Amino acid sequence: MSNTEGAHSFPDMIRQKRDGGQLSTEEIHAFVQGVKSATIQESQIGAMLMAIWQKGMVPEETLALTQEMMMSGEVFHWPEEWAGLVVDKHSTGGVGDKVSLPLAPALAACGCKVPMISGHGLAHTGGTLDKLESIPGFTINQPVEQVKQILQDVGCCIVGQTEAIVPADRVLYTLRDATATVESLPLITASIISKKGAEGLNALVVDVKFGRAAFYKDLNSARALAKSLVTVGNRLGINTGAVLSRMDAPIGRCVGNTVEVSEALECLKGRGPDDLNELITSLGGYLLWMSGRSATLESGQNAISNVLRNGMALQKFQAMLEAQGVPAPVARSLCSDQTDYFQHMRPANYQTELTASDEGTVLDIDGMAIALVLHKLGAGRSKAGQPINHSVGAELLIDLGKKIKKGQPWIRIHHDCTTLSPQLHSDLQKALLIGSGDSDQASSRVTEFILPH
Ligand code: IUR
């Protein structure tokens, strides 16, 4: 195996980036090919990722990295009659973020084709694939021909990356998690847009999160990321827009794989929490408007609300579950109006409720603190490929901005270990802020739309 490609050796390229230099398109090509074919050692890939994390990339390098990653595998081509219909949404990652589960079928119910390629959890954030794998039989790996068939028959599917699609991202995504290089504007841009480019999309909306429980903590850096995603997406020919949304308190009331699936199903039955509904209708309405299926943003949002309320999105979700391997009676039961979700998805062995130590108004709930506790209880991975415990989770029993009494239960933790340690108890109690006045977290999550350009 050679350690060189073209004019430069990999150590030379790493040095160049480490010292703040710019990589040429040929060098980026050699790097991505080396990642894909495993001819670069993991230590070299890790060093290059850290150099990119520290020195960044100019927009031309980010574009070249995205294109090279997209071309590292197969690119989907869809039937001509679907022109303009193929759309998708992607999120930069949050806590309690189950938006994709109701949104993909809602878009399908509005006539779109949604070939959603999702990921497993990254760092403290949950992954759409992990959530869906809580459902018995759900198969995230689908051959390309099967994806086409499901889109033809149902209109949406949610699948994982295969060897065939953006193989370079499979390697880089895992190594970024292991080398503390997730929060990098060029690396996030290339990772997300390369996958979306390979999906052969007409339109894309990216939910760029900012706040305590997001990778980007402040609005300005999230806005810079959103602009990078929008610019590179449009340069690749995808009509790409972005939404900036607050990610401080968990989205909805549930965090953790199994409990989030139950909440997503409740939302598909028209009983979702307000902030989850807002995100789904904003992102979906934006896509319908961008792709020309709705005359205005508002009519797009109304169309998404309607299919959540009238059961059409739920029907699509049930059909998607069956098409992706869930036995028909299980899919039917999960989607029936009154059902015990834990009859089909394994509940945790224990539930512990924590109570408020004070009275007043719920001013804040720290999503990051809750996610870190659940991670320690087994809900997330510390190493790639590690098995996770889908049953671990948390249910909030209170709402932001509402009154709480001393001694009132505020969170229910689902866990498999017999007791929660005093440290975990204390970490959770610190996540709840009670005081007087109003909560500044109780208003709209969506703060800004970044238009395609
Ligand atoms: N989702 C991705 O596909 N890639 C990333 O880097 C992040 C979220 I952050």
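Take 5 as the starting number for the sequence shown in our numbering and just add one per residue.
C-beta: ideal position from N, C-alpha, C; glycine also.
As the structure is a computational prediction, the values presented were derived from the model and not from experiment.
Return the Cβ separation of D181 and L126 in integer angstroms, given the expectation that the two are a contact with Cβ distance under 8 Å. 6 Å
Rounded to the nearest angstrom, what separates G245 and S286 at their Cα positions? 12 Å
Cα-Cα separation between L191 and T66, rounded to whole angstroms: 8 Å
Please classify N393 as buried or exposed, where buried requires at least 16 other C-beta atoms within 10 Å of its C-beta. buried
Which listed residue (Q445, P391, K380 and L404) has its alpha carbon closest to that of S425: K380
Look up V236 in the DSSP assignment and say whether it is helix, strand or coil. helix
Nearest CA to the CA of P63: which residue from M251, Q26 and T451? Q26
With DSSP run on the structure shown, which of helix, strand or coil describes G38? helix
Would you mind reading off the limits of the beta strand (DSSP E) that contains Q412? Counting along the chain, Q412 falls outside any beta strand (DSSP E), and DSSP gives it neither H nor E.
So, I242 versus L107, is the Cβ gap smaller than 8 Å? no
What is the DSSP secondary structure of N7, reduced to helix, strand or coil? Only weak support exists for where N7 lies, its pLDDT of 43 falling under 50; the value from the coordinates is given anyway. Note: N7 maps to coil in three-state DSSP.
Mapping DSSP to helix, strand and coil, what is Q328? coil
Using 8 Å as the threshold, is the stretch 141-157 in touch with the stretch 346-358, meaning 3 or more CB pairs across them? no
To the nearest angstrom, how far is it from the Cα of L325 to the Cα of Q150? 14 Å
Contact between the stretch 401-411 and the stretch 324-341 is defined here as three or more beta-carbon pairs at a separation below 8 Å; is this criterion met? no
Among V39, I44, G38 and S198, nearest to M75 - alpha-carbon criterion: S198
Please classify M372: does DSSP put it in a helix, a strand, or coil? helix
Quick one: what does DSSP say F346 is sitting in, helix, strand or coil? helix
Classification of A207 by the beta-carbon crowding that lies within 10 angstroms, buried from 16 upward: buried
Along the chain, which unbroken stretches of the alpha helix (DSSP H) at least 4 residues long are found entirely within the stretch 83-122? 104-113
By Cβ distance, which residues of its chain are closer than 7 Å to S185, with the 5 residues on each side in sequence left out? One detail in the question is off: residue 185 reads as Thr in this sequence, not Ser. So the qualifying residues of the chain are L53, M54, W57 and L191.
Any non-hydrogen atom of ligand 1 closer than 7 Å to G98 Cβ: no
Return the chain-ordered list of same chain residues with a C-beta closer than 6 Å to the C-beta of A68, the five sequence neighbours on each side being excluded. T29 and I32
Throw me the rounded Cβ distance for the I255 and L280 pair, which I believe falls under 8 Å. 6 Å
In three-state DSSP terms, what is K135? helix
Mind pulling the beta strand (DSSP E) runs of 3 or more residues that sit fully within the stretch 129-198? 160-163
Flag S195 as yes when its Cβ comes closer than 7 Å to any non-hydrogen atom of ligand 1, and as no otherwise. yes
Given a cut-off of 8 Å on the beta-carbon distance, is the pair K213 and A226 in contact? yes
Rounded Cβ spacing between Y177 and G123 (contact assumed at less than 8 Å): 7 Å
Assigned secondary structure, T66 (DSSP; H/G/I helix, E/B strand, else coil): helix
Does the count of Cβ pairs from the stretch 433-440 and the stretch 213-222 closer than 8 Å reach three? no
Is DSSP giving D278 helix, strand or coil here? helix
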